[in-house]
Structures are given as C-alpha cells and as structure tokens.
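See below for the structure under consideration.
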Amino acid sequence: MALNIQDSIMDEEEDLKASQWYGVREATLFLVDATHKMFEVEPEAKLSHIQTFFKLYKQILRQKLAWSMQDWMGVVLFGTEESDTNSEWKHIQNLQELRVVTLDDLQRIRKLTKSGIKGYRSMKSEDAYPLHDALAYAMDIFLKIKTVLTKRRIVLITSHIAKLADDEKHRIRSTAASLKDVDIKLYVIGLGKNWIQDQFYKDLEILSRKTDVDVYRMTSPVDLVQQIKAPSKNIARLCFKICDNLELDLVVRTLGRKRRSLQTKPLSKATNQVLSRSTYFKDEDSNDENSDSEELNLPFLIPEEVNWQTKELIGHRKLRFTQKERSQIKHLHPPAIKIIGTRPIPDDLFRYHVKRKYFVRADYGSTRKDNLLFFGALLNKCAAKEKMIVCMFTLRMNTQTNLCYMIPNAELGGFYLSKIAYQGNIGDKSEALHHYDAQNWVTDEEVALWKKTINQLNMHYHPYKFRSYKLECQIQIVEKLALDKKPGPPPIDSIEQSYKKTYEKTVDLMPEFKDMYPNIDKSDGPSKAKRAKKSKKETS
C-alpha cells in the first residue's frame, strides 16, 4: 500500500514538471526606468510616472490571476542607485522574478505602492541612463529560461527623452537587433504628455522585430495592455488563392481570448474533500423510496445512438449516419483561403454574429516576391471601392470548409474574416416581428427627437468603460485571498451606472417622449420564472 502511494506521488510530481515545461503561455518582462524623471508627479493625475505604471501593472496582474492564466510576468528596475546582491550588473534591481504570476506577487506590489516605493532610489547622476545594460540583462534572463514560451516580449517603460552619445546609441541599437535572433520583441511605452517617441526608439522597436518599415506603427499603451490581458494569437498560416497562378501567404489571427471564469469545485462539509458528480438514467417504474443500499441495483438505461440524416435525397433516398460516422467524413479541400468573388459592403454588415471573427493580414516572413506589396494593393483597392471578398475558408485539414466574407480595414492593415450567416443559423423571426409591420412609419418629429437625444448623451461608448460585473467580483475574490482580509463593498456595476447617467442627461426630454409615445409607461412587468411541477405521490 505504501509503495502504491509513493508511486502515485512520483507520477503527480512528473505531471507537474511536464506542465511546467510545456504549455501555451506568454512571458512579459517590464523594464522600468527608475531615473529622476520617472518620479516626477503629473499635476493632473497627481501621480508620478512610476506610480502610474504600477497602477497599470496591478490591473494586468489582477486579471491574469482572476482568469487563472499561466502567463509569466516580471519587473526589472534600471537606473537605481543600488544593485542586486551577488550581481555583476550595476544600477539594476530585479523587483519581481520572471515566472508564473501568483497571489504573493499581487500582495507585494500593493505593499510597495502603498509605501511610496521605498527602498528604491534613483542614481545620483541625472544624465545617466543605463539602457544598454538593462536590455542585455533582460535578454540574459530569457536565455536562462528553458520552459517553452509561445511569446516573449520586453516592455520598456520610460519617460526619458534620448539625449545619448552616438556611440552609446549604436551599442543600444546593436543589442536591440540581437533580440530578434532569439525571438524576443521589444516594445517602448513612453509616459507623460511631454514625451515624444523619436527616431531612436522607433529604431529599437523595428530592429527587435521582424517588421517592415512601411508597416511599422508606434506602440499604443492601451493596445499593448489589452494584448497582454487578452492576447490575440496566430492560429494559422494559409495560402491565399486568388487565381490559378497567383497565390499569397497570409496569417490568420484571433481578435482576443475567450473569457474564463474561476473554477468552482464541490467540497464535502465533513472532510473538505473534492466531490465528483455522476449522472445515471433511472427507470420510471423504480420506487423513489428505496434505500441507499439498493441504488446499485437500479436499472441503467443507455440512450440510443443519435442518427444524422441528410436533408436532400441522394440516390432516391436519404442517407443516415451515426455520430461516429459523421465525425469521420473527410473534406477534400486543403487548408487555404480561395476567392470566389466580390460584392459591395452592406450597411448592416455585422448584424448577424454567427461565429467569432478572425483577422487576416499578410505574412511578413513570407519568401514570396512582392507578397506584402500585392496584399497591400489588394487591401487598399477593396477599401477604396467599398468591396468585400467572398471566399472559401478552410482552417485545417479534415475540418469544415466555410463561406466567409473578407471585410477590408486599411487602418489595421488586414481583413476581418466573418462567417456568412445562413437562415438556419439565424432562425426565422417573421412571426415574432409580424406586429411591427402593422405599425405606422417613423415620422420626422420622431427622428428629430432621437437625434436631439443622441446629441445630448454625448457618451464615448468604449468596451473598456463597461466592465463585466461578474469578472470584477472574481477579481475582488482574488484580492481577498491575496491580502487575507475581509471582503470590502461589492464592485460598482459600470453598466448600471451608465443607465443612470443616461437618464440624468435626458431627463428634460422625458415629457416629449411621453407625449410622442403615450404607452411608454405601460408594461406587463418582468416575466416570472417557471418552476418545475412536483408530481404528487399516490398513497394507498
């Protein structure tokens, strides 16, 4: 018995090691400038630049912990007076080791920000800016990691305007160019209104990535934070077939990550052990008053295998398939995107959301001649003529081939890939919307009133301003566990607050709405929840 327990423990340790070495995870190392300018306080925000960074960093950390993401994050300060003990790197301090984020990291960052970042002083020389050593130190950290990482990035947080010697700039550019050889991307984020990204920082980003100068864009703090919180990924590299003798190389990317909630597990009140759920089918004739000892003798019913049937006749008969046979049906189309034709972009393009959309851009690492040039010309031509491409999309081998629209977006440098909605996917709404046909047409007075209402609202409807209340509650639970304290008041429901702000801005227009729509206050109230009827047992 002892031998079996020991073997199971060893197997669990091996599985844990395997999960640490392999998996889908990203690593982000923040290189934070700790010179004198980063401690200057902005008059409007009443926070220093370095405090602004830690406030942003805590938001990222909270969300990664709430979603149980296994991504790696770390923070390194450079330009400090002290250095790490037993380290040859001067004026560099490792604030948080690059590893999987934990609750202890959140607790430490909160204590550091509350103390006003005590214990970390800037260098005495205001002109010193050891960026070269900081980049070399960050690259050395990544080279020591043997874990498989899907993406490795270094984010430089600074408010320093580059006033360095030409030799020092050349050394820094050479170090940034060497990051590309080890597949590490560098992003530069400047804090402060007076900070302007000059050509020096642009060169650092371009040299560290496999990016053409023509398609380079300055890194936005909002986009970068969103990319770290819910990163989009390359899911396929496909061939774009325009005609028989013309093909391009494309990259298909996701537009975000699916939201994941905290996992809940049932626990036993007596032993506090995790319970497992099981479901079985019971015969209708079985007696509910049987004892627990007789539950093993209950008759189990195996559900019949579901058969799939073709809609149309094939060979004067309908074909039937079992679920296993249906999954084994193969498609002959290879993974690719093949053009069928073009059509004008409709006004209600995103009316039907059948499946999550992808984003298609050119493959910057393609070896085809003029691949990027031809893709850019096609994109600009479709955007100028307001045309979208109808294509046949096959993501992987032996998967379903879908008809999709490729909607151009010249600003982002690619196409949105949207699955075409069929009537079977949407459903027939004619019966539910039949009563609208009998109503009167909208008058000019109604249009003028609604225009006046829209102008009065004047709200910026950005998704970041309307947070998920469920997610905010989960983040509060994570903070409660990290800080080991009692939960505070519930988070503010931003969606409910938006309703209140909308009412406050349009309260003077309510009399006009009541005159124009007399039945606006008449409502049947919310529908009551239906409860299952309990069958009464017959007593003899």
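In terms of the UniProt record's numbering, the sequence shown opens at residue 1 and continues consecutively. We put the beta carbon where it would ideally sit given N, CA and C, even for glycine.
Put simply, the stretch 21 to 41 touches the stretch 154 to 164. At least three CB pairs are less than 8 Å apart.
Residue range Met510 to Met516 is occupied by the alpha helix (DSSP H) that includes Met510.
Excluding sequence positions up to five before and after Asn380, its CB lies within less than 7 Å of the CB of Ala410, all in the same chain and listed in chain order. Residue environment: Phe78 is assigned as buried (16 or more neighbouring CB atoms within 10 Å of its CB, all protein chains considered).
Runs of the alpha helix (DSSP H) lying entirely within the stretch 344 to 402 and spanning at least 4 residues, in chain order: 371 to 385. Secondary structure of Phe240 (DSSP, three-state): strand.
Inclusion of Ile337 and Phe393 in the CB contact set at 8 Å is warranted, their separation being smaller than that value. Around the CB of Glu81, fewer than 16 other CB atoms lie within 10 Å, so the residue is classed as exposed. Distance from the CA of Val251 to the CA of Asp166, rounded to the nearest whole angstrom, comes to 38 Å. The same chain holds no residue with a CB closer than 6 Å to that of Glu44 once the five nearest residues on each side in sequence are set aside. By the neighbour-count definition (other C-beta atoms within 10 Å, threshold 16), Leu313 is an exposed residue.
For Cys404, DSSP records a beta bridge to Cys391 and Lys419. For Phe466, the secondary structure class from DSSP, reduced to helix, strand or coil, is coil. Taking C-beta atoms as the reference points, Val188 and Leu56 fail to come closer than 8 Å. Taken atom to atom, the span from the alpha-carbon of Trp195 to that of Ser159 is near 6 Å.
Here the alpha carbon of Val148 sits roughly 17 Å from the alpha carbon of Glu97.
Taking 4 residues as the minimum length, the alpha helix (DSSP H) runs contained wholly in the stretch 58 to 136 are 103 to 114, in order along the chain. Residue environment for Tyr201: buried (at least 16 other C-beta atoms within 10 angstroms of its C-beta). Contact annotation: the stretch 176 to 191 touches the stretch 132 to 151, with at least three C-beta pairs closer than 8 Å. Under the 10 Å beta carbon count, Gly414 is surrounded by 16 or more other beta carbons and is classified as buried. Taking 8 Å as the upper bound for CB-CB distance, Met406 and Leu395 are not in contact here, some 14 Å apart. A direct Cα-Cα distance of roughly 31 Å separates Asn371 from Ala27.
Scanning its chain for C-beta atoms nearer than 6 Å, with the 5 sequence neighbours on each side dropped, one finds around Ile345 the residues Glu386 and Met388, in chain order. Note on geometry: alpha-carbon atoms of Asp348 and Ser276 lie some 47 Å from one another. Boundaries of the alpha helix (DSSP H) harbouring Gln323: Gln323 to Ser327, taken from the DSSP string. The C-alpha of Arg343 lies about 12 Å from the C-alpha of Ala383. Counting only residues of its own chain and dropping the five nearest sequence neighbours on each side, Leu95 has a CB closer than 7 Å to the CB of Val75, Val76 and Leu77. Assignment of beta-bridge partners to Leu31 by DSSP yields Val76 and Leu156.
Under the 8 Å Cβ criterion, the stretch 84 to 94 does not count as touching the stretch 105 to 112, having fewer than three qualifying pairs. Comparing alpha-carbon positions, the option among Arg209, Asp133, Met459 and Cys391 lying closest to Ile420 turns out to be Cys391. Short of 8 Å from the beta carbon of Thr175, and not among the five residues preceding or following it, lie these beta carbons of its own chain, in chain order: His132, Leu135, Ala136 and Met139. Judged by beta-carbon spacing, Lys505 lies within the 8 Å limit of Leu457, meaning their Cβ atoms are closer than that value. Rounded to whole angstroms, the separation of the alpha carbons of Thr502 and Ser494 is 12 Å. The Cβ atoms of Arg361 and Leu248 lie no closer than 8 Å to each other. Its chain contains Lys318 and Leu319 as the residues whose beta carbon lies nearer than 6 Å to that of Thr310, once the 5 sequence neighbours on both sides are disregarded; these appear in chain order.
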